[in-house]
Amino acid sequence: MAVADFNQIRRSEHLPARIAAQIGREITEGRIAAGEKLPTEHLLAKTFGVSRSVVREAIAQLRNEGLVETRQGVGAFATEFERRQSLRIEHGDPTDQLAFHNLYQLRIPLEIEAAGLAAIHRTSADLARLDETLEQMTGAEKWTEQGIVADLAFHRALATATQNEYFPLFTSFIAERISLAIQAARAKAVLEEIVEVTIAEHVAIRDAVAIGDPVKARQAMRHHLIQAAARLDLALETLQGEIS
0 MAVADFNQIR RSEHLPARIA AQIGREITEG RIAAGEKLPT EHLLAKTFGV
50 SRSVVREAIA QLRNEGLVET RQGVGAFATE FERRQSLRIE HGDPTDQLAF
100 HNLYQLRIPL EIEAAGLAAI HRTSADLARL DETLEQMTGA EKWTEQGIVA
150 DLAFHRALAT ATQNEYFPLF TSFIAERISL AIQAARAKAV LEEIVEVTIA
200 EHVAIRDAVA IGDPVKARQA MRHHLIQAAA RLDLALETLQ GEIS
């Protein structure tokens, strides 16, 4: 594949989603043939002008969308036609309050259920991936775009831990919109405060999943999503009472 055809990504955009969009179009429009190997992470990172962790998250999104499959120690390949299934929201600027409201109405049932199922079905590898993303969220780059990348990677890892392939597929589908919501929330508040609060909410979810308690996991996720919506001044119509 001629990686020189790719463009560097504007910093105002959610990097993994935009990279996934570019590579995805190359695949769906046939410029990357079914079964063809993608360039290495190093080469893609150099071409797009981003870090390898951003490229890795973009490839993970494409894998969840069914456009790419990875082979341990070999690399990433465009999925054969008969095995492809893809969901993607294309370009747009859904940053108005109604769009965010509708996004969180979808996230609440989807991700609360995912948290409960992850607490039941997660493997040691799933838990290790959650811990890895939390480490990235709490690292030196937590104030930057990398912190948002790690946040989305946490939710993707949680969805994968359900052992139901549709959860990561739909989480990938709305990833770019979630990124816009996080950016908007950060713009509305004191960055240091909102980042620390968000990290604490994710730690509570991780801890509930780690001990295998689906009720606590669902409650922790519900609290996180309600608070995240409130940080955008959103009033959601949700069922009150205990999550079980």
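With numbering that gives the first Met the number 0 applied, the sequence shown closes on residue 243, and no number is skipped along the way. All C-beta atoms in this analysis are idealised placements derived from N, C-alpha and C, irrespective of residue type, glycine included.
- Should His41 be labelled buried (16 or more other beta-carbon atoms within 10 Å of its own) or exposed? Reading the sequence shown from its first residue, position 42 is the one you call residue 41. Flag for His41 reads exposed.
- Item | Under 9 Å between C-beta atoms of Ile181 and Ile147 | Counting from one through the sequence shown, the residue named residue 181 turns up at place 182. Counting from one through the sequence shown, the residue named residue 147 turns up at place 148. Yes. Within cutoff.
- With 16 other CB atoms within 10 Å as the buried threshold, where does Asp232 fall? Taking the first residue of the sequence shown as 1, we reach residue 232 at position 233. With fewer than 16 other Cβ atoms within 10 Å, it is exposed.
- Message: At the level of alpha carbons, what is the spacing between Val53 and Leu14?
- Response: As a position in the sequence shown, residue 53 is number 54, starting the count at 1. As a position in the sequence shown, residue 14 is number 15, starting the count at 1. Those two C-alpha atoms are separated by around 7 Å.
- Item | Three-state secondary structure (DSSP) of Lys141 | Sequence index remark: in the sequence shown, residue 141 carries index 142 (1-based). In the structure shown, Lys141 sits in coil (DSSP, three-state: anything other than H, G, I, E or B).
- Helix or strand or just coil, what does DSSP make of Val189? On the sequence shown, position 190 is the one that residue 189 refers to. If DSSP states are grouped into helix, strand and coil, Val189 belongs with coil.
- Could you please give the first and the last residue of the uninterrupted alpha helix (DSSP H) stretch that includes Val214? For the purposes of this step, residue 214 is taken as the residue at position 215 of the sequence shown. Per DSSP, Val214 belongs to the alpha helix (DSSP H) from Pro213 to Ala229.
- Kindly list the residues whose CB is nearer than 8 Å to the CB of Leu37, restricted to its own chain and excluding five residues on each side of it in sequence; keep chain order. As a first step, residue 37 is located in the sequence shown; it is residue number 38 there, counting from the start. Cβ neighbours of Leu37 beyond the five flanking positions: Met0, Ile22, Ile31, Leu43, Ile58, Val67, Gly74, Ala75, Phe76 and Ala77.
- Query: Do you know how far the Cα of Thr27 is from the Cα of Glu131?
  - Reply: Reading the sequence shown from its first residue, position 132 is the one you call residue 131. Reading the sequence shown from its first residue, position 28 is the one you call residue 27. Looking at the two C-alpha atoms, the distance is approximately 31 Å.
- Message: To test your reading of the DSSP string, which unbroken beta strand (DSSP E) runs of 3 or more residues are found completely within the segment 39 to 81?
- Response: 67 to 70 and 74 to 77
- Item | Contact set for Gln226: own chain, Cβ-Cβ below 7 Å, skip 5 residues either direction | The residue you call residue 226 lines up with position 227 of the sequence shown. Closer than 7 Å at Cβ, skipping near neighbours: Glu200.
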